[in-house]
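Colleague: Residue numbering for the sequence shown follows this note's numbering, starting at 9 and increasing by one per position. Take this structure, written in structure tokens, and hold onto it; I'll ask about it next.
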Amino acid sequence: MASLLAERMQESFQEHVQEDLLMDCMRCGFCLPACPTYIMTGQDETHSPRGRIALMKAVRDGVVKWDGSIEEAFDVCLGCRACEPACPAGVQYGTLIEETRHAIQEAKPTSLKEKVIRKVTFDGLFADQKVMAGTVKLIALYQATGIQKVARKIGFMDLFSTQLKEMEAVLPKIALKKPKRETTALSTKVAFFTGCLMETMFQQTNQRTIELLNMLDVEVEIPPGQQCCGALHGHSGEVPKAKRNAEKNIRAFHHNDYDFIVQNAGGCGAFLSEYGKLLGTEEAARFSEKIIDISSLLVKLGLLEKLPQNNNDSSAIVTYQDSCHLRNVNGVWREPRALLQAAPGYKFQEMPNAAGCCGSAGIYNILQPEMSAQILKQKMKGVIEVAPMKIVTSNPGCLLQMKVGIEKEGLSEQMEAVHIVDFLYESMINYKKGV
Ligand code: SF4
Ligand code: SF4
């Protein structure tokens, strides 16, 4: 039975994991210090990028027979892709780990429970924006009707895992109704990829994204029919389902020739910018070229010039937690910092290891709670050193994770975690009011 699985796994690796990409790795080890799991495991090679690539090759070549310890090495990878910018050979680690998870998913026997969870998550919640909106509405009702208060009081949340309990405690107040949006005709036009979590759980941030762009004379169009970007599917070995979502999104944005497709969630943006690679079509590549994150677009549109300069005398410190994918895949890290440095009423201060993963990584904090908690603990040491009033992030997962970190450290009286759009919006409104 075990050898049958090993054979099936080898065949699946041969089918899905590209050998030429594996051969790009020259085993130099420059990626090792950038890898959070290598550091957290006390430099365990099997939890490093180089070690994982070696394991992928060994399974593909049949040198190592498949077993649980190999699977664990791949499961513990955050997919943060911090190893990519550190690699002098340009190894496409992100593609390799996605292909590996796809290969495992295809060959591994799946229990009924896992099948059901995957079906509900990938074919329901993250396949259809309406299902996501309906689910988040239930959370809004749970908050608005007072059930949340009762549930907390009677300890109902204790029935769930620590991670879910921690997440529930930091959920934003969700509006029951969607804000009314009117399109204003302005000189530049962009399309907005609203994102499934951002458009349901963080509606106000999306609304403010539109308003910030309107302030800069930009008309924002929201093409109907857009779906979840597919990142969660792609990172979980569900590549065909990720492709299905990508195709739907390309169709949704096809009818107009936008200069930019803007998004405000680092993880989604990175995946959208790799549709060209995922689907291998010209149309997908054209779509990907238009993807831009909100910080880069605001800088491009001249927001920095509209903000007061030499604003470093405030005692209110703001710091920035990079979104791994925005930084490591899209190379965007200067723009958010430049905006925070110019934001009125705050002094920007870099925290130690700001570029390191916070441990959120999609649903990693639920699947790998121990490693995620260790990484967050380490992250919070850097936060405590800087003692900011605001921790700014560019991704909903990082935002919730930093909120959990603040709660865990008992720092909610001193600081809060906010999305960069909310931070800039409030800072600009206060500046205009002269506060
Ligand atoms: S992934 Fe890149 S940096 Fe890491 S060992 Fe291979 S070649 Fe070197
Ligand atoms: S993606 Fe992140 S966790 Fe995974 S090997 Fe690369 S640096 Fe390490």
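Even for Gly, the Cβ is constructed at its ideal location relative to N, Cα and C. Because the structure is a prediction, the values reported are computed rather than measured.
May I have the straight-line CA-CA distance separating residue 110 from residue 141, to the nearest angstrom?
Modeller: 28 Å
Colleague: Using 10 angstroms around the beta-carbon of residue 411, count the other beta-carbons present and answer buried if the total reaches 16, otherwise exposed.
Modeller: buried
Colleague: Do you know how far the Cα of residue 86 is from the Cα of residue 389?
Modeller: Approximately 20 Å between the Cα atoms of the pair.
Colleague: Find the nearest neighbour of residue 66 within the set 39, 17, 51 and 91, judged by alpha-carbon distance.
Modeller: 17
Colleague: Tell me whether residue 262 is buried or exposed, calling it buried when 16 or more other Cβ atoms sit within 10 Å of its Cβ.
Modeller: With a threshold of 16 other beta carbon atoms within 10 Å, residue 262 falls short and is exposed.
Colleague: Out of 115, 228, 357 and 13, state which residue places its alpha-carbon closest to the alpha-carbon of residue 199.
Modeller: 228
Colleague: Note down, in chain order, each residue of its chain lying with its Cβ closer than 7 Å to the Cβ of residue 365, except the 5 sequence neighbours on either side.
Modeller: 44, 86, 88, 90, 332 and 383
Colleague: Check whether the Cβ of residue 119 lies closer than 8 Å to any heavy atom of ligand 2, and answer yes or no.
Modeller: no
Colleague: Here's the rule: buried if 16 or more other CB atoms are within 10 angstroms of the residue's CB, otherwise exposed. What is residue 36?
Modeller: exposed
Colleague: Compute the beta-carbon to beta-carbon distance between residue 239 and residue 276, rounded to the nearest angstrom, for a pair I have assumed lies under 8 Å.
Modeller: 6 Å
Colleague: How many angstroms separate the CA atom of residue 147 from the CA atom of residue 181?
Modeller: Take the alpha-carbon of residue 147 and the one of residue 181: they are about 9 Å apart.
Colleague: Based on the DSSP output, what are the partners of residue 398 in its beta bridges?
Modeller: 326 and 424
Colleague: Comparing the CB of residue 56 with every heavy atom of ligand 2, is any distance shorter than 8 Å?
Modeller: yes
Colleague: Pull up the distance between the alpha-carbon of residue 234 and that of residue 137, whole angstroms please.
Modeller: 8 Å
Colleague: Whole angstroms are fine: how far does the CA of residue 70 sit from the CA of residue 372?
Modeller: 29 Å
Colleague: Are the segment 212-228 and the segment 299-318 touching, with three or more C-beta to C-beta distances below 8 Å?
Modeller: Verdict: yes, contact present.
Colleague: Within the present structure, is the beta-carbon of residue 63 separated from the nearest heavy atom of ligand 1 by less than 8 Å?
Modeller: no
Colleague: If you measure from each residue's Cβ to the nearest non-hydrogen atom of ligand 2, which ones come out under 6 Å, in chain order?
Modeller: 42, 43, 44, 45, 57, 60, 85, 86, 87, 88, 89, 90, 91 and 101
Colleague: Can the beta-carbon of residue 282 be found closer than 9 Å to that of residue 337?
Modeller: yes
Colleague: Alpha carbons only, please: which of 307, 305, 302 and 255 is nearest the one belonging to residue 295?
Modeller: 255
Colleague: Helix, strand or coil for residue 118, going by three-state DSSP, please let me know.
Modeller: coil
Colleague: My assumption, with CB atoms under 8 Å, is that residue 104 sits in contact with residue 40. Please give the rounded CB distance.
Modeller: So it is not a contact: roughly 16 Å between Cβ atoms.
Colleague: Closest to residue 242 by CA distance: which of 60, 135 and 32 is it?
Modeller: 135
Colleague: Which residues in the same chain as residue 354 place their Cβ atom closer than 8 Å to its Cβ, once the five residues preceding and following it in sequence are excluded?
Modeller: 319, 322, 324, 325, 326, 348, 397, 398 and 435
Colleague: Is residue 407 near ligand 1, going by C-beta to nearest heavy atom under 8 Å?
Modeller: no
Colleague: Rounded to whole angstroms, how far is the Cβ of residue 268 from the Cβ of residue 298, which I believe are closer than 8 Å?
Modeller: Yes, they are in contact, since the Cβ atoms of residue 268 and residue 298 sit about 6 Å apart, within 8 Å.
Colleague: Apart from the five residues on each side of it in sequence, which residues of its chain come closer than 8 Å, Cβ to Cβ, to residue 415?
Modeller: Cβ within range, chain order: 174, 177 and 178.
Colleague: Any heavy atom of ligand 1 inside 8 Å of the beta-carbon of residue 68?
Modeller: No, the beta carbon of residue 68 sits no closer than 8 Å to any heavy atom of ligand 1.
Colleague: If you reduce the DSSP assignment to three classes, tell me which class residue 299 lands in.
Modeller: strand
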